Amino acid sequence: MGILDFAIYDLYHSDHIFLHRSKKTILTGDIKNPLIVVANYLFDSVGTDVFSVVNGKINESLVTMQTDESNCDQGSPKDWQKMEITYTELPIEKNYYCNEFDEILFNYPKTLIDTHFQFPIASLIALKNLQKFSNNRFLLLTSDKGCATLEELDNCNHPELDFHGSFSVMVNYHAIGEFFKKHGGEFITQSFRENIISGVFSCGFPLKNFLQFHLSAKQIIQGFSPADYFIIYEHITENLLSCSLEVMASYLNLSNWDPYVFDQFFDRLSDLAGEGDAEVVSYLVEHMHLIAAHFYYLPTSEDTFFHIGVFFQNIDRFDKAMEYYHHSLKYFGENDVTLFNMGMCCHSDERDVDALIYFKRAYAYNPEAMDAKKWIQKIHNKNVFR
Numbered sequence: 025m026g027i028l029d030f031a032i033y034d035l036y037h038s039d040h041i042f043l044h045r046s047k048k049t050i051l052t053g054d055i056k057n058p059l060i061v062v063a064n065y066l067f068d069s070v071g072t073d074v075f076s077v078v079n080g081k082i083n084e085s086l087v088t089m090q091t092d093e094s095n096c097d098q099g100s101p102k103d104w105q106k107m108e109i110t111y112t113e114l115p116i117e118k119n120y121y122c123n124e125f126d127e128i129l130f131n132y133p134k135t136l137i138d139t140h141f142q143f144p145i146a147s148l149i150a151l152k153n154l155q156k157f158s159n160n161r162f163l164l165l166t167s168d169k170g171c172a173t174l175e176e177l178d179n180c181n182h183p184e185l186d187f188h189g190s191f192s193v194m195v196n197y198h199a200i201g202e203f204f205k206k207h208g209g210e211f212i213t214q215s216f217r218e219n220i221i222s223g224v225f226s227c228g229f230p231l232k233n234f235l236q237f238h239l240s241a242k243q244i245i246q247g248f249s250p251a252d253y254f255i256i257y258e259h260i261t262e263n264l265l266s267c268s269l270e271v272m273a274s275y276l277n278l279s280n281w282d283p284y285v286f287d288q289f290f291d292r293l294s295d296l297a298g299e300g301d302a303e304v305v306s307y308l309v310e311h312m313h314l315i316a317a318h319f320y321y322l323p324t325s326e327d328t329f330f331h332i333g334v335f336f337q338n339i340d341r342f343d344k345a346m347e348y349y350h351h352s353l354k355y356f357g358e359n360d361v362t363l364f365n366m367g368m369c370c371h372s373d374e375r376d377v378d379a380l381i382y383f384k385r386a387y388a389y390n391p392e393a394m395d396a397k398k399w400i401q402k403i404h405n406k407n408v409f410r
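Under the working numbering, think of the first position of the sequence shown as 25, with each following residue one higher.
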């Protein structure tokens, strides 16, 4: 059994890893076994250089960003969407980086015709550092939006920055693949998809030496890939109101009972569950515990436990609904809606004493909860006229 530890790794400069829990430092040369690196949505948010190729000549594209003074606060933009990005093209000589990256860079004017492309310099520096750190033996698993072939890199305009929580750009996985090939490795990437690209890259050893892993990687990445999964997910969520209970159950199974997917389906699934096909409902009931088991709490998380509770309440499984409502209270605290639902479960189970407790808690939490007030009065009146 392994030991989980944590570290902050400087992608640009680190030559060691300090383990937070064990207080140990791993230096270059300390690692004896191959290193496995998972880089998910990383390379699209680090530094990249921009070049253009025209008529077999390569230019660097120097970037200028400007905005109105009214969009600045202490030297920083208030709204990145209002930044204007311009490029200045300057010819470059054969020694641009003055290291092994030049061989990769200067192959592009030999193969590209007319284009602007990004060269993932920060990613390559990080991979070079990892190569030294791991004694030239590591495996990279990565997913990002990007391009993996020369055909995708040709006939492109200047790249655009996407602004969201941070910023992101397209990743040039072709250049990353060339780096790994130069160091005795190989790679498997999926064919082009509009959303993301996933890939497996080896450094210091060919993937074909590991027959089972090589076959699995090809099946997962070049077969039904994460990008294909996401395309289907987008289609279903965009057409959710026309989805049947069977379709949603099937996709939940495909997602390995992902809580996030369940939360997206919640309203539609809850509407259909009460009158749904008994076998499909039973199938969902049997697997709801997996959705709960896969839940990982974050401050911004949806209340998946509440959603599971509503599902069970809608199919008259009040005992299971109460179980998940209690989990909801544990993780997300009290609120009048959850407490009211718990009261309704107790009432439906003919436990009005318990129901009254929950209705009163709901009303105390929110004095504007008229449904809770109404049910408190109903139960009082029922007891008075017995």
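Ideal Cβ positions, reconstructed from N, Cα and C, are used throughout, including at glycine. Note that the structure is a prediction, hence the values are computed from the model and not measured.
Going by alpha carbons, who is nearest to Ser-268 out of Asp-252, Gly-300 and Ala-31?
-> Against the sequence shown, residue 268 aligns to sequence position 244. Nearest option by C-alpha distance: Gly-300.
Bounding residues of the alpha helix (DSSP H) (the contiguous stretch that carries Val-70) | Counting from one through the sequence shown, the residue named residue 70 turns up at place 46. Careful: Val-70 lies outside any alpha helix (DSSP H) and carries neither H nor E.
Could you tell me which of Thr-166, His-140 and Phe-204 sits nearest to Glu-176, measuring between CA atoms?
-> One-based indexing of the sequence shown puts residue 176 at position 152. Glu-176 has its Cα closest to that of His-140, out of Thr-166, His-140 and Phe-204.
Just how far apart, CA to CA, sit Phe-30 and Ala-63?
-> In the sequence shown, residue 30 corresponds to position 6, counting from 1. In the sequence shown, residue 63 corresponds to position 39, counting from 1. Cα-Cα distance, rounded: 15 angstroms.
Can you give me the Cβ contacts of Glu-93 inside the same chain, cut-off strictly under 7 angstroms, excluding the 5 residues immediately before and after it?
-> Residue mapping note: residue 93 aligns to position 69 of the sequence shown, counting from 1. Correct list: empty, nothing qualifies.
Cβ-based burial, Ser-240 [other Cβ within 10 Å; buried from 16] = Here the question's residue 240 lines up with position 216 in the sequence shown. It counts as exposed.
Is the segment 177-190 touching the segment 213-220 in the sense that three or more CB pairs, one from each, lie closer than 8 angstroms?
-> no
Report, in whole angstroms, the separation of the C-beta atoms of Gly-71 and Ile-145, which I expect to be a contact under 8 angstroms.
-> Numbered from its first residue, the sequence shown carries residue 71 at position 47. Numbered from its first residue, the sequence shown carries residue 145 at position 121. The Cβ separation is near 6 angstroms, so the contact holds.
Would you mind working out which of Tyr-389, Met-368, Phe-248 and Asn-390 sits nearest Ile-403, comparing C-alpha positions?
-> Position 379 of the sequence shown, counting from 1, holds the residue named residue 403. The candidate whose alpha carbon is nearest that of Ile-403 is Met-368.
Using the Cα positions of Asp-126 and Phe-143, report the straight-line distance between them to the nearest angstrom.
-> Position 102 of the sequence shown holds residue 126. Position 119 of the sequence shown holds residue 143. Straight-line Cα distance between these residues: approximately 11 angstroms.
Which full runs of the beta strand (DSSP E) of 3+ residues lie inside the segment 127-153, going along the chain?
-> 138-143
Within the same chain, show all residues whose beta-carbon is closer than 6 angstroms to that of Ala-345, passing over the 5 residues directly before and after it, in chain order.
-> As a working note, residue 345 is residue 321 in the sequence shown. The answer, listed in chain order, is Gly-333, Phe-336, Gln-337 and Cys-369.
Any Cβ of chain B within less than 8 angstroms of the Cβ of Thr-112?
-> In the structure shown, chain B does not exist; there is a single protein chain.
Would you give the residue range spanned by the alpha helix (DSSP H) that Gln-337 belongs to?
-> Here the question's residue 337 lines up with position 313 in the sequence shown. Gln-337 -> alpha helix (DSSP H) spans 328-338.
Closest by C-alpha distance to Met-394, when choosing among Ala-379, Phe-364, Lys-406 and Asp-378 = Position 370 of the sequence shown, counted from the start, is the residue given in the question as residue 394. Looking at the Cα atoms, Phe-364 is the closest of the given residues.
The segment 229-239 / the segment 193-211 touching (three or more Cβ pairs under 8 angstroms) | yes
Per DSSP, which one or two residues make a beta bridge with Gln-155?
-> Start at 1 with the first residue of the sequence shown, and residue 155 comes out as number 131. Gln-155 is not bridged to any residue.
Would you say the segment 160-169 touches the segment 88-106, given that touching needs at least three Cβ pairs under 8 angstroms?
-> no
Just how far apart, CA to CA, sit Asp-103 and Asp-282?
-> Here residue 103 refers to the residue found at position 79 when the sequence shown is read from its first residue. Here residue 282 refers to the residue found at position 258 when the sequence shown is read from its first residue. Roughly 34 angstroms separates the two Cα atoms.
N-terminal and C-terminal residue of the alpha helix (DSSP H) that Pro-283 is part of | Numbered from 1 along the sequence shown, position 259 holds the residue referred to as residue 283. Here the alpha helix (DSSP H) through Pro-283 covers 283-297.
Helix, strand or coil: how does DSSP classify Asn-123 here?
-> Against the sequence shown, residue 123 aligns to sequence position 99. When secondary structure is reduced to three states using DSSP, Asn-123 falls in the coil class, being assigned neither helix nor strand.
For Cys-180, which residues of its own chain have a beta-carbon under 7 angstroms away from its beta-carbon, when the five flanking residues on both sides are left out?
-> Numbered from 1 along the sequence shown, position 156 holds the residue referred to as residue 180. Closer than 7 angstroms at the Cβ level, and outside the excluded window around Cys-180, lie Thr-139, His-140 and Phe-141.
At least three beta-carbon pairs within less than 8 angstroms, the segment 372-379 to the segment 348-363 = The answer is no - the segment 348-363 does not touch the segment 372-379, with fewer than three Cβ pairs under 8 angstroms.
What did DSSP end up calling Glu-108 once you bin it into helix, strand or coil?
-> As a first step, residue 108 is located in the sequence shown; it is residue number 84 there, counting from the start. Glu-108 falls in the strand class under three-state DSSP.
Determine the extent of the beta strand (DSSP E) in which Lys-118 is found, giving its start and end residues.
-> Mapped onto the sequence shown, residue 118 falls at position 94. First-last for Lys-118: undefined, no H or E at that position.
Proximity winner among Leu-276, Phe-248 and Gly-247, relative to Ile-260 (alpha-carbon distances) = On the sequence shown, residue 260 is found 236 positions in, with the first residue counted as 1. Of the listed residues, the one whose Cα sits closest to Ile-260 is Leu-276.
Inspect the CB distances between the segment 290-304 and the segment 247-255 and report whether three or more fall short of 8 angstroms.
-> no
DSSP three-state assignment for Phe-409, whether helix, strand or coil = Here residue 409 refers to the residue found at position 385 of the sequence shown. Legend: pLDDT at Phe-409 = 47, less than 50; position of this residue unreliable, value from coordinates given subsequently. In the structure shown, Phe-409 sits in coil (DSSP, three-state: anything other than H, G, I, E or B).
Three-state secondary structure assigned by DSSP to Ile-27 | Looking up residue 27 in the sequence shown gives position 3. Of the three classes helix, strand and coil, the one that applies to Ile-27 here is coil, per DSSP.
Examine the Cβ distances between the segment 75-87 and the segment 108-120 and report whether three or more of them are shorter than 8 angstroms.
-> yes
Verify whether the separation of the beta carbon atoms of Thr-52 and Asp-34 is less than 8 angstroms.
-> The count along the sequence shown starts at 1 and reaches residue 52 at position 28. The count along the sequence shown starts at 1 and reaches residue 34 at position 10. Their beta carbons are not under 8 angstroms apart, which means Thr-52 does not touch Asp-34 by this criterion.
Measure the Cβ-Cβ separation of Ile-200 and Ser-249 and say whether it is below 8 angstroms.
-> Along the sequence shown, read from residue 1 onward, the residue named residue 200 stands at position 176. Along the sequence shown, read from residue 1 onward, the residue named residue 249 stands at position 225. No; because the gap between Cβ atoms is not below 8 angstroms, this pair is not in contact.
If you check the beta carbons only, do Phe-417 and Ala-316 fall under 8 angstroms apart?
-> Examination of residue 417 is not possible in this model, given that the chain is present from 25 through 410 alone.
Option nearest Leu-129 by Cα separation, candidates Lys-156, Ser-76, Asn-95 and Asn-159 | The residue labelled residue 129 in the question sits at position 105 within the sequence shown. Ranking the options by Cα distance to Leu-129, first place goes to Ser-76.
Cα separation between Met-312 and Met-366?
-> As a first step, residue 312 is located in the sequence shown; it is residue number 288 there, counting from the start. As a first step, residue 366 is located in the sequence shown; it is residue number 342 there, counting from the start. When rounded, the distance between both Cα atoms is 19 angstroms.
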